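Residue numbers (the UniProt record's numbering): 1 to 217. Glycine included, every Cβ here is placed at the ideal spot set by N, Cα and C. Computed from a prediction, not measured in an experiment: that's the story for all the values here. Notes for the one structure printed next.
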């Protein structure tokens, strides 16, 4: 079976065999084979991500339509979210180059943006990497908790620059409730004692002033 051969080639990291199957059995690889509209190519991509096969991920992405990259797997994750959680920048960049809109495709379980998944799984550098493309990320405001969760997680992770930028750009996030029932201002109060240095104290003063200003409206 071509499909099983594809999966094996991907798991084994056999780029040449993967290419051979993709080129000779393209139609079969693009047939929908699950109730979730997944194709063999889509499943192979998730296998490649899970196994860290960067070159094979790039090859598979080249053979896929942009829309197919938006499909969620049985766990509610896109291939991009899986790569984000693993902290694999080359894979993430490859997929975003093919389909920039993937950065706004949430997990179907939890409704979290990739950038929130990154910080939730402790992938701080990946979070920073995605934050650079924040203009491509839609509304991080109060209504769906994503912005608030990003803010509180950034505070607890000690990424003060990201937290401050979020509060500057979206002041109301300081009062918004995140996925864990907490707000940015509560997170600030919880961790302030952990940062006694002058620079960081200045950060807290700025944040608290911003929060007070927000409360006054």
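1) Mind checking who residue 183 pairs with in its DSSP beta bridge?
2) Going by C-alpha to C-alpha distance, which of 69, 191, 76 sits closest to residue 95?
3) Can you give the beta carbon distance from residue 85 to residue 123, rounded, assuming they're within the 8 Å contact cut?
4) Reducing DSSP to helix, strand and coil, say where residue 16 ends up.
5) Quick one: give me the first and last residue of the alpha helix (DSSP H) that residue 161 is part of.
6) Is the separation between the beta-carbon of residue 3 and that of residue 36 shorter than 9 Å?
7) Leaving out five residues on either side along the sequence, give the residues of the same chain with a beta carbon under 8 Å from the beta carbon of residue 183.
8) Which same chain residues end up closer than 6 Å to residue 58 when comparing Cβ atoms and leaving out the 5 residues on each side of it in sequence?
9) Thinking C-alpha only, which one of 133, 145, 90, 121 is nearest residue 157?
10) Taking the CB atoms as reference points, tell me whether residue 79 and residue 129 lie closer together than 9 Å.
11) What number of angstroms, rounded off, separates the C-alpha of residue 99 from the C-alpha of residue 66?
12) Could you please give the first and the last residue of the uninterrupted alpha helix (DSSP H) stretch that includes residue 115?
13) From residue 63 to residue 172, what distance separates their C-alpha atoms?
14) I believe residue 56 touches residue 13 by the beta-carbon criterion, under 8 Å. Please report the beta-carbon distance rounded to the nearest angstrom.
15) Rounded to the nearest angstrom, what separates residue 20 and residue 60 at their Cα positions?
16) Can you give me the C-alpha to C-alpha distance between residue 29 and residue 17, rounded to a whole angstrom?
17) Determine the extent of the alpha helix (DSSP H) in which residue 55 is found, giving its start and end residues.
Let's see:
1) Looking up residue 183 in the chain shown gives position 183. By DSSP's assignment, residue 183 forms a beta bridge with 177.
2) Locating residue 95 in the chain shown gives position 95, counting from the first residue. The option with the nearest alpha carbon to residue 95 is 69.
3) What you label residue 85 is simply residue 85 of the chain shown in a count that begins at 1. What you label residue 123 is simply residue 123 of the chain shown in a count that begins at 1. Contact between residue 85 and residue 123 holds: CB atoms are separated by about 7 Å, below the 8 Å threshold.
4) Taking the chain shown and counting its residues from 1, the one referred to as residue 16 is at position 16. Three-state result, residue 16: helix.
5) The count along the chain shown starts at 1 and reaches residue 161 at position 161. Its alpha helix (DSSP H) spans residues 160 to 169.
6) Along the chain shown, read from residue 1 onward, the residue named residue 3 stands at position 3. Along the chain shown, read from residue 1 onward, the residue named residue 36 stands at position 36. It is not a contact, given that the beta carbons lie outside the stated cut-off.
7) The residue given as residue 183 occupies position 183 in the chain shown. Once the five neighbours on either side are set aside, the close Cβ partners of residue 183 are 148, 152, 174, 175, 176, 177.
8) Within the chain shown, the letter at position 58 stands for residue 58. 94.
9) Counting from 1 along the chain shown, the entry for residue 157 is found at position 157. Out of 133, 145, 90, 121, the CA that lies nearest to the CA of residue 157 is found in 121.
10) By one-based count along the chain shown, residue 79 stands at place 79. By one-based count along the chain shown, residue 129 stands at place 129. If you check the CB distance, residue 79 and residue 129 do not come in under 9 Å.
11) Working through the chain shown from its first residue, we reach residue 99 at position 99. Working through the chain shown from its first residue, we reach residue 66 at position 66. For residue 99 and residue 66, the distance between alpha carbons rounds to 5 Å.
12) The residue labelled residue 115 in the question sits at position 115 within the chain shown. 114 to 120 is the extent of the alpha helix (DSSP H) around residue 115.
13) Counted from its first residue, the chain shown places residue 63 at position 63. Counted from its first residue, the chain shown places residue 172 at position 172. Near 43 Å, if we compare the C-alpha coordinates of residue 172 and residue 63.
14) Your numbering for residue 56 matches position 56 in the chain shown. Your numbering for residue 13 matches position 13 in the chain shown. Yes, residue 56 and residue 13 are in contact; Cβ-Cβ is about 7 Å, under 8 Å.
15) By 1-based counting over the chain shown, the position of residue 20 is 20. By 1-based counting over the chain shown, the position of residue 60 is 60. Distance between the alpha carbons of residue 20 and residue 60: 12 Å.
16) Working through the chain shown from its first residue, we reach residue 29 at position 29. Working through the chain shown from its first residue, we reach residue 17 at position 17. For residue 29 and residue 17, the distance between alpha carbons rounds to 14 Å.
17) Translated into positions along the chain shown, residue 55 becomes position 55. Element bounds for residue 55: 54 to 62.
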